[in-house]
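Take 58 as the starting number for the sequence shown in the working numbering and just add one per residue.
Ideal Cβ positions, reconstructed from N, Cα and C, are used throughout, including at glycine.
Please read the structure below before turning to the comments.
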Amino acid sequence: MRNGVFVTSLVLVLLFVAVGIFLPAEMDLFSAAVHGWIIEHVGWAYLLSAFVFLVFSMVLAVSPFGSIRLGADTEKPQYSYFGWFSMLFAAGMGIGLIFWGVAEPMSHYLNPPEHIAGSSPEAAAFAMRYSFFHWGMHPWAIYIVMSLSIAYFSFRRGMPPLISSCFYPLLGDRIHGFWGQAIDTMAVIATVFGIVTSLGLGAMQIADGVGTILPLPSGVGTTLVIIAVVTVLYMISSMTGLDKGIQLLSRTNVFVAVALLLFVLVVGPSSYILNIFTTTLGEYFSGLVEMSLSTNPFEGYGWTRSWTLFYWAWWISWSPFVGLFVASISRGRTIREFVLGATLVPALLTFLWFSVFGGTAFAVARYEDPGFATRAVEEVSSALFILFEYLPFSPVLTILAVVLLTVFFVTSADSATFVLAMMTSRGSLDPPAGKKLLWGAVQSTAAAVLLLSGGLEALQRMAIVAALPFTGVMLLMVVSLYRGMHYEVHRERRRGG
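Structure representation (structure tokens):
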């Protein structure tokens, strides 16, 4: 029956690719219409759901459920903390942080909601606070609901590592029939569109970075060549397996990212950056509930639709991919350790990233070159490289960033091919090489088609569309996971007498 997941999901994705190739304008119009309807009528559901996931995750960490181990009671974690955090960060954020680390704060600074004056100190504070918000604890809470559910039912209950397995408390043996197949197929589709969004963004930024070093023509053609080259790289990596390929690349990612972060912190306006970090961190936590539940219906709803709702949908569409991958590397950890580690450590590194790169960008825009912010917003995928022009050793920094982007690209795509192959191979933790190669080719082709049919906007729209049905699936997953853990805890209490 599970072979139906592979066939059905592959046919649907290939159908989308075919429509994009032969009817790109029509597909762009259709995606725009569906996206507009979703944002207008049910955008609030993304916001409310993400808050539910955050609260649920934090409650689990401090509850008696937190002592439950994801595996046998005496089982030890497979990976060290450093290896685990490296793979978490690379799979969950990677390309997006490099793409938006400069561009997002500058975008909010110039174009905040209408009740805030653009290019003002208030706009700068707003920009940093919402950059923290969009990339902070909420995304990881979304991932945790998915990955924790998979890890619990797989490693604790001995079920296949499939998303449908997470619904056994609600569906029983029906997960082995139509409903289980429908859930897993939906997860594959959401994963494909979630990952191609990041791959498209990453390819665009790599092309712009290489273009600052080499005399390459700008445009979609160069971006497609980048996608083709990196596709070959991550297909080679996917053949080496999880322990060698992905873990090695993830560790390399973290070393290069930290080196770049520390260099910019040292040569940039260090005190200014640290002031921004501490101030924004306080504002983030003090306003967390308000930001979590506000759609700004009276002032700024258009801004919220373009940014916060897009991000929440993007994280949800990424959750099957990140969830399955994070579950596969988290065996042996307690729920408390898992929730706190996967929420706080990546979020803290993210806050540092935005403080260093966003803070340096604000120092340039407000005190050195007011035109910098405009350039960064007009050339979003080049914003990081434009910032490097104001720092020492600009060519070296650009090369380092391109290497980092490429490795993140390879790591994300490698992880995605593993997860897609696993989901369509009955949950096998050692899926066939042929399926990994096939899904690698499919996701790169889908990213190329979206870029050709509508560029960055098409990528963002499809992420939001793909996330809608999966939001309902994840809310039901919260109920199912609670039931499963509640049953286990009460069963143990009855045994203990």
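Query                                                                                                                   : Result
Reduced DSSP secondary structure (H/G/I, E/B, other) of Thr242                                                          : helix
Segments of 4+ residues assigned as alpha helix (DSSP H) that fall wholly inside the region 94-144                      : none
Distance CB(Ala147)-CB(Ser351) smaller than 9 Å                                                                         : no
Residue range of the alpha helix (DSSP H) that includes Thr468                                                          : 451-480
Beta-bridge pairing of Thr391 - partner residues as DSSP gives them                                                     : Arg126
C-beta atoms of Ala145 and Gly389 nearer than 9 Å                                                                       : The question names Ala, but residue 145 in the sequence shown is Leu. Cβ distance not < 9 Å, so Leu145 and Gly389 don't count as in contact.
Where Asp130 falls, given that 16 or more other Cβ within 10 Å makes a residue buried                                   : exposed
Nearest-angstrom Cα separation, counted from Leu227 out to Leu318                                                       : 46 Å
His191 classed as buried or exposed, judged by whether at least 16 other C-beta atoms fall within 10 angstroms          : buried
Unbroken alpha helix (DSSP H) run spanning His172, endpoints                                                            : Note, His172: premise wrong, no alpha helix (DSSP H); not H, not E.
Assigned exposure category for Thr474 - 16 Cβ within 10 Å defines buried                                                : buried
Neighbourhood of Pro449 by C-beta distance below 8 Å, restricted to the same chain and skipping five residues each side : Val324
Enclosing alpha helix (DSSP H) for Asn332 [first to last residue]                                                       : 327-343
Option in Arg483, Ala198, Gly428 with minimal Cα separation from Phe395                                                 : Ala198
Uninterrupted alpha helix (DSSP H) stretches inside the region 200-280 (no shorter than 4 residues)                     : 225-228, 235-270
Sub-9 Å separation of Val62 and Thr242 beta-carbons                                                                     : yes
Distance between beta carbons of Ile201 and Ala384, contact taken as under 8 Å                                          : The pair is not a contact, with the Cβ atoms about 10 Å apart (cut-off 8 Å).
Span of the alpha helix (DSSP H), counted from its first residue to its last, around Gly380                             : 365-385
The region 150-170 contacting the region 404-418, beta-carbon criterion three pairs below 8 Å                           : yes
Status (buried if at least 16 other CB within 10 Å, exposed otherwise) for Lys133                                       : exposed
Residue range of the unbroken alpha helix (DSSP H) whose run includes Tyr447                                            : No alpha helix (DSSP H) holds Tyr447; DSSP gives it neither H nor E.
With 16 other Cβ atoms within 10 Å as the buried cut-off, status of Leu205                                              : buried
C-alpha distance - Ala316 paired with Gly175, whole-angstrom precision                                                  : 33 Å
Environment of Ala75 [buried if 16+ CB atoms lie within 10 Å]                                                           : exposed
Reference Ala430, options Pro218, Ala478, Tyr166, closest by Cα                                                         : Tyr166
Nearest neighbour of Ser164, chosen from Ser363, His547, Ser374, Ser387 [CA to CA]                                      : Ser363
Pair within 9 Å by beta-carbon distance, Leu457 and Val313                                                              : yes
Three-state secondary structure assigned by DSSP to Asp426                                                              : coil
Which listed residue (Arg548, Ala107, Leu219) has its alpha carbon closest to that of Ala370                            : Ala107
N-terminal and C-terminal residue of the alpha helix (DSSP H) that Ser188 is part of                                    : 178-192
Assigned secondary structure, Asn310 (DSSP; H/G/I helix, E/B strand, else coil)                                         : helix
Cβ pair count under 8 Å reaching 3, the region 90-110 against the region 524-544                                        : yes
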